[in-house]
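J.: Using my numbering, you'd call the opening residue of the sequence shown number 52 and step up by one each time.
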Amino acid sequence: MRFELKTSGILALLAAVAGGCAGDSGDYPSLAMRPFESGVPVETPAPATPIRPATPAARVAELRQAGTAAHAAFVAQEAEAARFARAAAGLPFESNARATAMVAMADLDAKRAATAGTLAAIDVLAAEAAGALVADPALGAVQTEIAALVAREDEAIARLWEVMGS
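Printed below as a string of structure tokens:
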């Protein structure tokens, strides 16, 4: 009897589980092909116009002029800073000549910062152009030119620090 009760209990449980799986309420979508799945593929539209137009030539010229003017100011200050750096070479940190040379180097670094600031403005425009996938060769040429000026200024400052001996 125990075996029959156990078997009938298992059968009742299986029937309940199977009955739950067999119910169909009709809420499921059809798996048949829909019209757009078998049709001719739709052509993609033409690419949209760029979000950001090329940088105006006047703005590029303005940035080039600002960069070269800042570099000219650096070059004008460089000779004086070099004179003070040579005068301070080998002197202790407490000397007046060394303090004067440090001030001249700070002034020279401020002139370099003006050139680097112009390069930063150019870099922002170049990044916007790259983000919009718009090639801007004129801006790229100015960016390269001003970056070369900043690199030259960095070399000059490093050379003067070596002359001073620090």
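Glycine residues also receive a C-beta, built at the ideal position from the N, C-alpha and C atoms.
1) Cutting at 6 Å between CB atoms, please list the residues of its own chain near H122, excluding the five before and the five after it.
2) Take G118 and list the residues in its own chain whose beta-carbon comes closer than 8 Å to its own, dropping the five residues that flank it on each side.
3) With a CB to CB cut of under 8 Å and the five nearest residues on each side skipped, what residues in its chain are close to I208?
4) May I ask which residues mark the beginning and end of the alpha helix (DSSP H) holding F125?
5) For D78, count neighbouring C-beta atoms within 10 Å of its own C-beta (all shown protein chains included) and say buried if the count is 16 or more, exposed if not.
6) Taking the alpha helix (DSSP H) that E145 belongs to, which residues open and close that run?
7) CA-CA distance, R115 and A178?
8) Would the beta-carbon of A132 fall within 9 Å of that of A152?
9) Among P98, D205 and E213, which has the Cα closest to the Cα of A139?
T.: Result, derived from the coordinates:
1) Counting only residues of its own chain and dropping the five nearest sequence neighbours on each side, H122 has a CB closer than 6 Å to the CB of T166 and L200.
2) Scanning its chain for C-beta atoms nearer than 8 Å, with the 5 sequence neighbours on each side dropped, one finds around G118 the residues T166, T169, L170, I173, V193, E196, I197 and L200, in chain order.
3) Taken in chain order, the residues that qualify are M156, L159, D160 and R163.
4) Bounds of the alpha helix (DSSP H) holding F125 are A108 to A139.
5) Under a 10 Å Cβ-count criterion, D78 is classified as exposed, with fewer than 16 other Cβ atoms of the shown protein chains found around its own Cβ.
6) DSSP places E145 in no alpha helix (DSSP H); its state is neither H nor E.
7) Near 17 Å, if we compare the C-alpha coordinates of A178 and R115.
8) A Cβ-Cβ contact shorter than 9 Å links A132 with A152.
9) In terms of Cα proximity to A139, the closest of P98, D205 and E213 is E213.
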